[in-house]
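Engineer:
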Amino acid sequence: MNPIITKEFFETKTTMELARDILGMRLVHQTSSGELSGLIVETEAYLGATDMAAHSFQNLRTKRTEVMFASPGTIYMYQMHRQVLLNFITMQKGIPEAILIRAIEPDEESLEQMAHNRHGKTGFELTNGPGKLSQALGLSMQDYGKTLFDSNIWLEGAKTPHIIEATNRIGVPNKGMATHFPLRFTAKGSPYISAQRKSSILTHIWE
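Just so we're aligned, residue 0 is where the sequence shown starts under numbering that gives the first Met the number 0, counting upward by one.
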């Protein structure tokens, strides 16, 4: 059985370190239909008060962003274009930094239920984007404010990427220098990475 990731893991790393180090970890959601899970292959780091692309830029504190000021491992869900997106808070209380989970590689035993949740979508389209993976895993706004350490959502140690690639984040234009920060991290070559070209898919993804 793979080790479950504890609070101590989150408390000893920076946001950028966590965004890299959770690649290859298994994201698990225990649902009424059973466990749904997949390996994290793409993340983005958001650096809070100094990051124009972050919801919490300049320590903006609203009803939506309040949970970003909570302890590391807290789950921040938000809605965009009728999709819900999954984020993990990364820093100590009062420092509103987070990681967006952008894509996962689904576990084989989860494929059937995930396809049902995605209304018949299959293949890479199943989980190759933040809204897609949330729908496939059965996540919703009701998961806002939970933590990874005492809820039906958790991380397990699983695999190590052969190569981790850092690039610009997706969908953050007109954010000054923040637009060009290399804060998107991927398990290089995974076919489940969002906006992935077929020519970039590799066969050797994991160590």
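Glycine residues also receive a C-beta, built at the ideal position from the N, C-alpha and C atoms.
Small disclaimer: the values here were computed from a predicted structure and weren't measured.
Does DSSP classify Phe87 as helix, strand or coil?
Structural biologist: The answer is strand: DSSP assigns Phe87 an E or B state.
Engineer: Please classify Asp207 as buried or exposed, where buried requires at least 16 neighbouring CB atoms within 10 angstroms.
Structural biologist: The requested residue 207 does not occur in the structure, where the chain is confined to residues 0 to 206.
Engineer: Using a 10 Å radius around the Cβ and a threshold of 16 neighbouring Cβ atoms, would you call Thr126 buried or exposed?
Structural biologist: Classification for Thr126: buried.
Engineer: Are there 16 or more other CB atoms within 10 angstroms of the CB of Gly122, so buried, or fewer, so exposed?
Structural biologist: Exposed, since its Cβ has fewer than 16 Cβ neighbours within 10 Å.
Engineer: Buried or exposed: where does Glu96 fall if 16 or more other Cβ atoms within 10 Å of its Cβ makes it buried?
Structural biologist: Classification for Glu96: buried.
Engineer: Helix, strand or coil: which one does DSSP assign to Arg183?
Structural biologist: In this structure, Arg183 counts as strand in the three-state DSSP scheme.
Engineer: On the criterion of 16 or more Cβ atoms from any shown chain inside 10 Å, does His118 qualify as buried, or is it exposed?
Structural biologist: Exposed.
Engineer: If you run the structure through DSSP and keep just helix, strand and coil, what is Leu136?
Structural biologist: Helix, per DSSP.
Engineer: Is Gly23 near Thr159, with beta carbons less than 8 Å apart?
Structural biologist: Yes, these two residues count as a Cβ contact at 8 Å.
Engineer: Sort Leu182, Ile4, Phe9, Pro105 by Cα distance to Ile39 and report the nearest one.
Structural biologist: Nearest of Leu182, Ile4, Phe9, Pro105 to Ile39, Cα basis: Pro105.
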